[in-house]
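J.: Residue numbers (my numbering), protein chains in the order written: chain A, 31 to 338; chain B, 4 to 282.
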Amino acid sequence: MAEQQTKPKFRWHILVFLAPAVLVYTAVMIYPLFNTLRLSLFTEVDQTRIFVGLQNFRTLFGDAIWSTQFWNALGNNFWFFLVHMLVQNPIGVALAAILSHPKLRFAGFYRSAIFIPTILSFVIVGFAWKLILSPIWGIAPGLLDAVGLKSLYAPWLGKEAYALTTLSLVSVWQFVGIPMMLIYAALLSIPDEILESAEVDGITGLAAFWKIKLPLILPSIGIISILTFVANFNAFDLIYAAQGALAGPDFSTDILGTFMYRTFFGFQLQLGDPHMGSTIASAMFAIILIGVCLYLFGIQSRMRRYQF
Amino acid sequence: MNVARQNRLNTFAAHGALILYTVIALFPVFVIVINSFKTRKAIFREPLALPHADSFSLIGYETVLKQGDFVLYFQNSMIVTVGSLFFILLFGAMAAFALAEYRFKGNTLMGLYLALGIMIPIRIGTVAILEMMVQTGLVNTLWALILVYTAQGLPLAVFILSEFMRQVSDDLKNAGRIDGLSEYRIFFRLVLPLVRPAMATVAVFNMIPIWNDLWFPLILAPSEEVKTLTLGSQVFIGQFVTDWNAVLSALSLAILPVMALYVVFSRQLIRGITSGAVK
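1. So what's residue 134/B in DSSP terms, helix, strand or just coil?
2. If you scan the stretch 167 to 224 of chain A from start to end, which runs of the alpha helix (DSSP H) of 4 or more residues do you find wholly inside it?
3. Are the CB atoms of residue 106/A and residue 263/A within a distance shorter than 8 Å?
4. Using a cut-off of 7 Å between C-beta atoms, extract the partners of residue 50/A located in chain B.
5. Taking the alpha-carbon positions, what's the residue 57/A to residue 147/B distance?
6. Confirm the yes/no value for this check: CB of residue 233/A, any heavy atom of the ligand FMN, distance under 7 Å.
7. For a contact defined as C-beta to C-beta under 7 Å, what are the partners of residue 126/B on chain C?
8. Around the Cβ of residue 90/B, are there at least 16 other Cβ atoms within 10 angstroms (buried) or fewer (exposed)?
9. Which word fits residue 96/A, buried or exposed, when buried means at least 16 other C-beta atoms lie within 10 angstroms of its C-beta?
10. What residue range does the alpha helix (DSSP H) around residue 289/A cover?
11. Have a look at residue 148/A and residue 189/B and give me their C-alpha separation to the nearest angstrom.
12. So, at 7 Å on beta carbons, what are the nonlocal neighbours of residue 218/A in its own chain, with the 5 sequence-adjacent residues on each side left out?
13. For residue 231/A, decide whether its Cβ has a neighbour in chain B, counting only Cβ atoms nearer than 8 Å.
14. Can you give the Cα-Cα distance for residue 174/A and residue 204/A, rounded to whole angstroms?
15. From residue 4/B to residue 209/A, what does the alpha carbon distance come to, in whole angstroms?
16. Which residues, in chain order, does the stretch 70 to 102 of chain A contribute to contact with chain B at a C-beta distance below 7 Å?
17. Which residue from 153/A, 188/A, 215/A puts its Cα closest to that of residue 231/B?
18. Which residues in chain B have a C-beta closer than 9 Å to the C-beta of residue 132/A? List them in chain order.
19. At a cut of 8 Å, does the stretch 92 to 109 of chain B reach the stretch 44 to 59 of chain A through at least three beta carbon pairs?
20. For residue 163/B, does the count of other Cβ atoms within 10 angstroms reach 16, so buried, or fall short, so exposed?
21. Any C-beta of chain B within less than 9 Å: which residues of the stretch 144 to 164 of chain A qualify?
22. Suppose contacts are defined by Cβ-Cβ distances below 8 Å. Is residue 76/A in contact with residue 217/B by that definition?
23. Strictly below 9 Å CB to CB, what residues from chain A border residue 209/B?
24. Would you report the Cα separation of residue 225/B and residue 313/A, rounded to the nearest angstrom?
25. With residue 76/B and residue 235/B assumed to form a contact (beta carbons below 8 Å), what rounded beta-carbon distance in angstroms separates them?
26. Under a CB-based cut-off of 8 Å, is residue 245/A close to chain B?
27. Tell me whether residue 192/B sits in a helix, a strand or coil according to DSSP, three-state version.
In structure tokens, the structure reads:
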């Protein structure tokens, strides 16, 4: 029988299995992605689309009004990311380290409770914090008063100097569950023998964390960092829900996502411009691509991995 | 200090830190929900008190249910979430099976192509997606959202499911082939039931971001009859900013379904994350 099938039949079922996913993915994700990059090279004059090459990018980076907005949004976005890296991930690692203690009771309860903010939508989170921090309602000043720190209170979301940091911390509050869970998983996968042999050598408690566990979970911290980076650089919802499309006060909370939305759809007196919107999207794409490549080739390939 | 005492101290500190953070995590949700059941006066006079006989009021919920069409929004969110999950799981599992089971030219390349979308956010292509939806007449329909979320969810679904399908025993599949089952039957009858836990993980991972998304409903389906719950509550709250009863009730109503889902699926979700499905 085998000899009869000299020429293998075309295996249609492979095509049938692959086709739906590949078609939807290509048509709704990959094609629009490249089409957006293409649209950034066009502009609209008298309702016809004309090719202008890199003119839009020249406007974005060269024109005073556009470039101030762009650099402002990019700078804010970096600050947003930095706060996540410096606050969210260390807290996540610390919580995971405590939770992974083998004899800890109620670990399941803490884990589920701390993860709750992560499942709420940005709309809920944005408004809830807006209300809590609001000077009208008085929960935040009241709580600070209770611990004798009332003088520290300020309407944080309304002050240019604090608004972005406040919103970054709100976002940290919301997403701390993700690094916590991933690090927790990584810590659980460290074999007991390693920790026990360390214990025999007299390395326990905090020393065991710094010298043994931390180096072993570094790859997970790397993955969390790149996930945070990608999520932060296309963030939009929280700022939009809390501060609106204008990302007030005075654009101090404007990040690339809100900037692109405003440009694409227009706001108040400015008309929407899909081509400039695409230009900003292309810039975001480039930034994310650079970040991902830096991670893949600069960090991940150099990281030492341990096989158990 | 002897070891036992130090241990007890450590346990104490660990619980202290965890309780502190749990309070921080739950406090805002708690404040919103308790205040939604109070009169306007009580909301401002004693924001941290539980509602009692004098301060209890459902006025906010009455406004919300009268003014906003939350039942419709809820239904739209349900259709979009369930529809997207169905297509993500079906198409994702089929593609994952093809990649895991058969050797063919371009297998690795196809896997890489599908994996691209794990790192690149679909939002970057929004301008062209909107243009395409307008051209095909899908704008302001739930189909637009279902298609976008399906495309967004497929890369990770294929990646996770193909890892799991590689572990399904070859003997089982070959036994099926000897019994004359077609490749389709082997997939639907033998393989799919075996990877059900992985499918549940993928479903739970995708459910929350789809349900909570604001960007695509805002851009692709903003009209009244196709609003999702997330967009609906955003718009509603924006209009009723000064009506604190209504805003707090709307927020509580938006929290409720997600919390219910979480209670049902939290074990699955946590097991999914901690089993190392996303490494």
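Glycine residues also receive a C-beta, built at the ideal position from the N, C-alpha and C atoms.
Keep in mind it's a predicted model, so treat the numbers as computed, not measured.
T.: Result, derived from the coordinates:
1. Translated into the one-based positions of the second sequence, residue 134/B becomes position 131. Correct three-state label for residue 134/B: helix.
2. 169 to 176, 190 to 205, 207 to 218
3. Taking the first sequence and counting its residues from 1, one reaches residue 263/A at position 233. Taking the first sequence and counting its residues from 1, one reaches residue 106/A at position 76. No, the pair does not count as a contact, with Cβ atoms beyond the cut-off.
4. To locate residue 50/A, count along the first sequence from 1; it is residue 20. Ordered by position in chain B, the residues that pass the 7 Å Cβ test against residue 50/A are 94, 97.
5. Numbered from its first residue, the first sequence carries residue 57/A at position 27. Numbered from its first residue, the second sequence carries residue 147/B at position 144. Straight-line Cα distance between these residues: approximately 12 Å.
6. Looking at this structure, you won't find the ligand FMN or any other ligand, since it has none at all.
7. No chain C is part of this structure, whose protein chains are labelled A and B.
8. For the purposes of this step, residue 90/B is identified with residue 87 of the second sequence, where counting begins at 1. When all chains shown are included, residue 90/B counts as buried.
9. In the first sequence, counting from the first residue as 1, residue 96/A sits at position 66. It counts as buried.
10. Locating residue 289/A in the first sequence gives position 259, counting from the first residue. Segment 286 to 295, the alpha helix (DSSP H) holding residue 289/A.
11. As a working mapping, residue 148/A is identified with position 118 in the first sequence. As a working mapping, residue 189/B is identified with position 186 in the second sequence. Their backbone Cα atoms lie some 38 Å apart in a straight line.
12. Translated into positions along the first sequence, residue 218/A becomes position 188. The residues are 130.
13. By 1-based counting over the first sequence, the position of residue 231/A is 201. For residue 231/A, the answer is no, since every Cβ of chain B falls outside 8 Å of its Cβ.
14. Position 144 of the first sequence, counting from 1, holds the residue named residue 174/A. Position 174 of the first sequence, counting from 1, holds the residue named residue 204/A. Each residue's alpha carbon lies about 21 Å from the other.
15. Residue 4/B sits at position 1 when you count from the first residue of the second sequence. Residue 209/A sits at position 179 when you count from the first residue of the first sequence. Low local confidence applies: a pLDDT of 47 at residue 4/B is under 50, so the model's placement there is unreliable, and no value is given.
16. none
17. To locate residue 231/B, count along the second sequence from 1; it is residue 228. When each option's Cα is compared against that of residue 231/B, the closest is 153/A.
18. Counting from 1 along the first sequence, the entry for residue 132/A is found at position 102. Those within 9 Å of residue 132/A in chain B number zero; the least Cβ separation is about 12 Å.
19. yes
20. Here the question's residue 163/B lines up with position 160 in the second sequence. Under this definition residue 163/B is a buried residue.
21. 144, 145, 146, 147, 148, 149, 150, 151, 152, 153, 154, 155, 156, 157, 158, 159, 161, 162
22. Position 46 of the first sequence, counting from 1, holds the residue named residue 76/A. Position 214 of the second sequence, counting from 1, holds the residue named residue 217/B. Taking 8 Å as the Cβ cut-off, residue 76/A and residue 217/B do not qualify as a contacting pair.
23. In the second sequence, the residue the question calls residue 209/B occupies position 206. The premise fails here: residue 209/B is roughly 13 Å from chain A at the closest Cβ pair, so nothing lies under 9 Å.
24. For the purposes of this step, residue 225/B is taken as residue 222 along the second sequence, with counting starting at 1. For the purposes of this step, residue 313/A is taken as residue 283 along the first sequence, with counting starting at 1. Cα to Cα, the separation comes out at about 26 Å.
25. Taking the second sequence and counting its residues from 1, one reaches residue 76/B at position 73. Taking the second sequence and counting its residues from 1, one reaches residue 235/B at position 232. About 4 Å separates the two Cβ atoms, so the contact holds.
26. For the purposes of this step, residue 245/A is taken as the residue at position 215 of the first sequence. Answer no: the Cβ-Cβ gap between residue 245/A and chain B never drops below 8 Å.
27. For this step, residue 192/B is matched to residue 189 along the second sequence. It is helical.
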